[in-house]
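So the number in our numbering is just where the residue sits in the sequence shown, counting from 1, plus 537.
Here is the structure we will look at, set down as structure tokens.
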Amino acid sequence: MIDLLVAGGGPAGLATAIHGALAGLEVVVLEPRPTPIDKACGEGLMPGAVRRFEELGVTVPGRPFHGIRYVDGVTGRSAEGLFGAGPGRGTRRTELQAALARRAAELGVRVLPRRADEVRQDGQRVGAGGLTARYLVAADGLHSPVRRALGLAVAAPAGRPARYGLRRHYPVAPWSDLVEVHWAHDCEAYVTPLGPDRTGVAVLTSRQAPFDVQLADRFPELAARLPPPAPGAGVRGAGPLRQRARTRVSGRVLFVGDAAGYVDALTGEGLTLAVAAAGEAVRCVRADRPQEYERAWRELSRAYRVLTSALLWARGRPVLAGRVVPLAARLPGVFTGAVNLLAR
538 MIDLLVAGGG PAGLATAIHG ALAGLEVVVL EPRPTPIDKA CGEGLMPGAV
588 RRFEELGVTV PGRPFHGIRY VDGVTGRSAE GLFGAGPGRG TRRTELQAAL
638 ARRAAELGVR VLPRRADEVR QDGQRVGAGG LTARYLVAAD GLHSPVRRAL
688 GLAVAAPAGR PARYGLRRHY PVAPWSDLVE VHWAHDCEAY VTPLGPDRTG
738 VAVLTSRQAP FDVQLADRFP ELAARLPPPA PGAGVRGAGP LRQRARTRVS
788 GRVLFVGDAA GYVDALTGEG LTLAVAAAGE AVRCVRADRP QEYERAWREL
838 SRAYRVLTSA LLWARGRPVL AGRVVPLAAR LPGVFTGAVN LLAR
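What follows is the structure in structure tokens.
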């Protein structure tokens, strides 16, 4: 019998598969999409994520960045927080996923072009995609079909506007070795250095408007620095970003990455948490103690959930939202400490 089925061949699923193979488990990944798999995201890996991927034997491609700069979209005032434990990495999502796929293949992980349909389980095994295994890890994304099929999705709170992510690449050399986060009163724009002649821009917003309109209306100075996008450089979108789950464990099914529940991309921690949680999920599977994973996930994600929720709370109050960057500039030590808390 297969030890571990993984639903989803994105970074969270492949990190789980690599952890499992390194732990001596027989792992099969179910992923209907061909490699490389793209996704709308900021594409900036925090130092903790870079370190954890390298511990798995994955060389992360891309361009180093050395901290975070918050920029007020109205006044241009800024605050910088530099990393204290090595650089992060701006890496295209397709290149990261391809690197993880190569490492998984080196370790003998099989990837089958199937969906994890009709999840069935009892006290000894779980079945999906026509296969049977001891455990299933669902890493099938923000709108996880496995989470929905098991009845674990929780409706978003009423009255809170949904937020979405939009991303586009530009053929321009990065002008900074930091990730810039430009703040407007109702959205943010993330500028990530990706290569010698490529910069990524991601917008997080609750506005229903095209990408170019968002930039022109809310970040005119940033928009003026960007050349026309290269031919074929379309806009990718994702959302609503906030997704809630009743639990991270359901019998012999464990949830990793966005499928485990998601607050927002505002703090850029998604992949750091995903690869760390993948290791904890494999540890619990190997020990045959899946029930321990819920507590482990909550401990790993606590700082992310608290800080992200606090920033979103401030974001929802226009007076406070306008003070985030000025306050960070006035308290550089506090801002740098928060940046490094998220960078671990």
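Note that beta-carbon positions come from the ideal geometry of N, C-alpha and C, so glycine has one too.
Being a predicted model, the structure only gives us computed values, none of them experimental.
Annotated three-state conformation of D654 is coil, per DSSP.
No residue range can be given for P624, since it is assigned to no alpha helix (DSSP H) and is classified by DSSP as neither H nor E. Following the DSSP letters along the chain, one finds D749 inside the alpha helix (DSSP H) bounded by residues 748-755. C-alpha of S787 to C-alpha of S681: approximately 14 Å in a straight line. In the three-state scheme derived from DSSP, where H, G and I count as helix and E and B as strand, S615 is classed as strand.
As the crow flies, the alpha-carbon of S713 is around 7 Å from that of P730.
Comparing alpha carbon positions, the residue from M583, Y672, L864 closest to D540 is Y672.
C-alpha of P650 to C-alpha of W834: approximately 29 Å in a straight line. Sequence-distant partners of Y799 (beyond 5 residues in either direction) whose C-beta falls short of 8 Å from its own C-beta, in its chain, are L679, L778, R779, Q780, G807. A distance below 6 Å between beta-carbons, with the five flanking residues on each side excluded, links A693 to the following residues of its chain, in chain order: R779. Contact check for A558 against L644 passes: the beta carbons are separated by less than 8 Å. Look at the beta carbons and you see the region 622-633 touching the region 581-600: at least three pairs across the two are nearer than 8 Å. If you look at A739, you'll find it in the beta strand (DSSP E) that goes 735-742. As the crow flies, the alpha-carbon of A813 is around 9 Å from that of G794. Segment contact: the region 819-831 against the region 552-572, three or more CB-CB distances shorter than 8 Å; contact assigned. According to the DSSP secondary-structure assignment, Y672 is paired through a beta bridge with L541.
Shortest Cα-Cα distance from V674 to any of R881, A811, L844 involves A811.
Rounded to the nearest whole angstrom, the C-alpha separation of E717 and A642 is 35 Å. A distance below 8 Å separates the beta carbons of F748 and R705.
Boundaries of the beta strand (DSSP E) around A775: 773-775. When only Cα atoms are considered, P711 and R652 end up about 39 Å apart. For Y830, the enclosing alpha helix (DSSP H) covers residues 829-852. Ranking R762, H722, G737, L878 by CA distance to the CA of R755 puts H722 first. Within the same chain, Cβ atoms closer than 8 Å to the Cβ of V691 are found at R781, A782, R783, the five residues on either side in sequence being excluded. Assigned with DSSP and collapsed to three states, A549 falls in helix. Each of P863, G579, L791 was checked against the Cα of V740, and the nearest Cα belongs to G579.
Judged by DSSP in its simplified three-state form, I555 adopts helix. Boundaries of the beta strand (DSSP E) around L791: 790-792. DSSP assignment within the region 660-711 yields the following whole beta strand (DSSP E) runs of 3 residues or more, N-terminal first: 663-665, 668-675, 701-707.
Between Q745 and G771, the alpha-carbon positions lie close to 17 Å from each other.
The beta carbon of A858 sits closer than 7 Å to the beta carbons of H722, A851, R852 from its chain, once the five residues preceding and following it are set aside; these are given in chain order. In terms of Cα proximity to F602, the closest of E655, A616, T612, M583 is M583.
Runs of the beta strand (DSSP E) lying entirely within the region 552-593 and spanning at least 3 residues, in chain order: 564-567.
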